[in-house]
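Student: According to our numbering, the residues represented by the sequence shown are 354 to 496, in order.
For every residue, glycine included, the Cβ atom is placed at its ideal position computed from N, Cα and C.
After the structure tokens below, expect a handful of questions from me.
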Amino acid sequence: MNNDLFFSNKTDEWSTPPEFFAQLNAEFGFTLDPCATEENHKAPKYYTAKEDGIAQSWAGQILFCNPPYSKAAAWIEKAYQEGHQPNTTVVLLIPARTDTRYFHNYILNRAEVRFIKGRLKFGGSKNAAPFPSMLVIYRGPTK
């Protein structure tokens, strides 16, 4: 397996496997992708790096967020804050790193966690990621 791609700083854009996303979208019906590009956005409304999704309000949206892993902590903190707003749901796809500070501060006992069986193949790669993944789901109160 070529792990160089997954540990490289050349890009932070790892496309979510289409079949995996389709299953999630069928369950949640996403309305916003806060960290996307013109080419890889997963929802009708999206923010690119230019719009800076962390600086935007996510209130009232159903979000899918596969954040740049080099900035995972900032995106997870934002998801935690925004995911507690009324009528807001945030679904994060992140590496299953339970030893991190952000896991203990913003995820453990604060969100629904779904560990993904097996390893995902990101960005059209034929090789599986060298790390396990998880979904972290925040659901704000409904009115």
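Tell me whether the beta-carbon of Ile460 lies closer than 9 Å to the beta-carbon of Trp428.
Tutor: No, the Cβ-Cβ distance between Ile460 and Trp428 is not below 9 Å.
Student: Taking Glu465 as part of the beta strand (DSSP E), name the residues at either end of that continuous run.
Tutor: It spans 465 to 468 - the beta strand (DSSP E) in which Glu465 sits, taken as one unbroken run.
Student: Quick check: Phe484 and Phe417, are their CB atoms within less than 9 Å of each other?
Tutor: No. Outside cutoff.
Student: Buried or exposed: Asp386, going by 16 or more other Cβ atoms within 10 Å of its Cβ?
Tutor: When all chains shown are included, Asp386 counts as buried.
Student: My understanding is that Arg472 touches Ala482, with C-beta atoms under 8 Å, so please give their C-beta distance in whole angstroms.
Tutor: Between Ala482 and Arg472 the Cβ distance is about 5 Å, and since that is below 8 Å, they are a contact.
Student: Does DSSP put Ser423 in a helix, in a strand, or in coil?
Tutor: Three-state DSSP puts Ser423 in a helix.
Student: From which residue to which residue does the alpha helix (DSSP H) around Pro371 run?
Tutor: Run containing Pro371: 371 to 381, per the alpha helix (DSSP H) assignment.
Student: Apply the 10 Å Cβ neighbour rule to Pro494 and answer buried if 16 or more other Cβ atoms are within range, or exposed otherwise.
Tutor: Pro494 is exposed by the Cβ-count criterion.
Student: Considering only DSSP beta bridges, list what Leu488 is partnered with.
Tutor: Leu488 is bridged to Leu446, Arg467.
Student: DSSP on Tyr400, reduced to helix/strand/coil?
Tutor: Three-state DSSP puts Tyr400 in coil, outside helix and strand.
Student: Considering only DSSP beta bridges, list what Ile415 is partnered with.
Tutor: Bridge partners of Ile415: Thr442.
Student: Report yes if the CB atom of Tyr491 is closer than 9 Å to the CB atom of Ala464, and no otherwise.
Tutor: Yes; because the gap between Cβ atoms is below 9 Å, this pair is in contact.
Student: What number of angstroms, rounded off, separates the C-alpha of Lys403 from the C-alpha of Glu391?
Tutor: Cα-Cα distance, rounded: 11 Å.
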